[in-house]
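Residue numbering for the sequence shown is 302 to 633, as defined by the working numbering.
Yeah, the Cβ is synthetic: ideal placement off N, Cα and C, and Gly gets one too.
Bear in mind that the values here come from a model prediction, so they are computed numbers and not experimental data.
Working notes, structure below.
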Amino acid sequence: MSILRKDAEQMRSLLSQAKRILCICHRNPDGDAAGALLGGGMLFESLWPQIPVSFHCVDGVPAGLRFLPSAARVQEAPMTQEGDVVVFFDCAEPKLTDMHFTHPHLFDGSMPSVVIDHHPSNTRFGTVHLVDPSAASSCEIVVDVVAQLGWQLTPDIATCLLTGVYTDTGGLLHSNTTSTVYRIVAQLLRAGAQRQAVVQAVFRTAQVSTLRLWGRVLENIQITEEGGAISAVRESDFRATGADYSELTGAIDYVNAVPGMRFSMVLSERGGAVKGSLRTLRDDVDVSAMAGTFSGGGHRRAAGFSVPGALKPEVRWTVVQPEGAKNGEEGA
Ligand SMILES: [Mn+2]
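Written out as structure tokens, the structure reads:
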């Protein structure tokens, strides 16, 4: 499946008439959100040089993604005016931008908007929707639009988009790495994407604090009777390692490496809430349904949730007596 030509054309007509284009991605931007935001925004700039394009996210671009072209241009939530058109990248619903309370007019239909996303849970909250749950990343959808409308990619745009394609497929390793993904990677490389820069920054760079936090995640792995590999880190672990919450990203792939498990989960305490990330390698397990029981969501193989509260460690000890020591004969 891919996005519909008529939707791509509707987006083009909406954007080409804009006085300004405001690009927005979800809070805590990952490689796909930041890559699609920056790559998409620079694409619009290249298409319509007379239209000012701005980039917005309530959180800054994380250090590991600041190598992305135009990353320094990302600002806080936008001041809007007549004639603006908003483009949301990688946002399944308004609240993920964290602008829904402060800037409700972005979402209430009072201004035209385009939603570019690949989450099956997308609530279609905009005017034009380029939503394709079969796409592994939002960046993949941007490339799809480019191909359908015969647009051109610059090396900088291609580098941003390749970052999202790489991060959302775990370096082309996750099960969502379809033949389409490989074709898109080829297109982006032909367009001049800086592959080595992406690989180095995304997969071959880790702060000491990150490695120490991951060490705690790995050390705390428990195997449950339900076939889950589960680990947890508390606020005290973030404090002790000096890692911030975003540095937990990626640790779950190691927890998910335990053979024979039905699923894996990493729980983390963050400011009065407990966040859970879920993964599975199995076809007969749907972790988005598991996340759904905690009002979360995501994909069949990768999902998450957040609930208010804190983590309380639970230790279970079982006394195992030596053979022949039954009935308290020993040590009585
Ligand atoms: Mn994504």
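- Nearest in C-alpha terms to residue 337, of all of 446, 611, 321, 319, is 446.
- Setting aside the 5 residues that flank it on each side, residue 417 is surrounded in the same chain by 390, 431, 439, 442, each with a C-beta closer than 6 angstroms to its C-beta; the list follows chain order.
- With fewer than 16 other Cβ atoms inside 10 Å of its own Cβ, residue 380 counts as exposed.
- The criterion of a C-beta distance shorter than 8 angstroms is not satisfied by residue 477 and residue 468.
- Note on geometry: alpha-carbon atoms of residue 523 and residue 428 lie some 46 angstroms from one another.
- With a threshold of 7 angstroms, the Cβ atom of residue 406 does not count as near ligand 1, since no heavy atom of the ligand is closer than that.
- When beta bridges are read from the DSSP output, residue 324 appears opposite 356, 388.
- If you draw a straight line from the Cα of residue 503 to the Cα of residue 366, it is about 7 angstroms long.
- By the neighbour-count criterion, in which 16 or more other beta carbons inside 10 Å mark a residue as buried, residue 480 falls on the exposed side.
- Judged by DSSP in its simplified three-state form, residue 524 adopts strand.
- The beta carbon of residue 495 sits closer than 6 angstroms to those of 460, all from its chain and outside the five residues before and after it, given in chain order.
- The region 531-538 makes no contact with the region 359-378; the number of CB pairs closer than 8 angstroms stays below 3.
- For residue 475, the shortest separation between its Cβ and any heavy atom of ligand 1 does not lie below 7 angstroms.
- Using a 10 angstroms sphere on the CB of residue 330, the tally of other CB atoms reaches 16 or more, which defines it as buried.
- For residue 444, the uninterrupted alpha helix (DSSP H) run begins and ends at 439-450, by DSSP.
- Between residue 388 and residue 322 a beta carbon distance of about 6 angstroms is seen, short of the 8 angstroms cut, so the two are scored as contacting.
- The alpha-carbon separation between residue 603 and residue 578 amounts to approximately 8 angstroms.
- Here residue 327 is not near residue 403, since their CB atoms are 8 angstroms or more apart.
- Taking residue 355 as the centre and dropping the five residues before and after it, the same chain places the C-beta of 323 closer than 6 angstroms to its C-beta, in chain order.
- Spanning the alpha carbons of residue 553 and residue 351 requires a straight line of approximately 44 angstroms.
- Note that the region 595-614 touches the region 566-575; at least 3 beta-carbon pairs, one per stretch, sit closer than 8 angstroms.
- Residue state for residue 538 is assigned as helix, using DSSP reduced to three classes.
- Here residue 501 carries a helix assignment [DSSP, helix/strand/coil].
- In the three-state reduction of the DSSP assignment, residue 531 falls in the strand class.
- Judged by pairs of C-beta atoms under 8 angstroms, the region 450-466 does not touch the region 585-600, as fewer than three such pairs exist.
- Counting only residues of its own chain and dropping the five nearest sequence neighbours on each side, residue 612 has a CB closer than 7 angstroms to the CB of 533, 535, 568, 570, 575.
- Residue 580 counts as buried, since at least 16 other C-beta atoms from the protein chains shown sit within 10 angstroms of its C-beta.
- About 6 angstroms separates the Cβ atoms of residue 464 and residue 369, confirming a contact at the 8 angstroms cut-off.
- Buried is the label assigned to residue 313, since at least 16 other Cβ atoms lie within 10 Å of its Cβ.
- Between residue 558 and residue 510, the C-beta gap is not smaller than 8 angstroms, which leaves the two residues out of contact.
- For residue 490, the number of other beta carbons within 10 angstroms of its own is below 16, and it is reported as exposed.
- DSSP, read as helix, strand or coil, puts residue 487 in helix.
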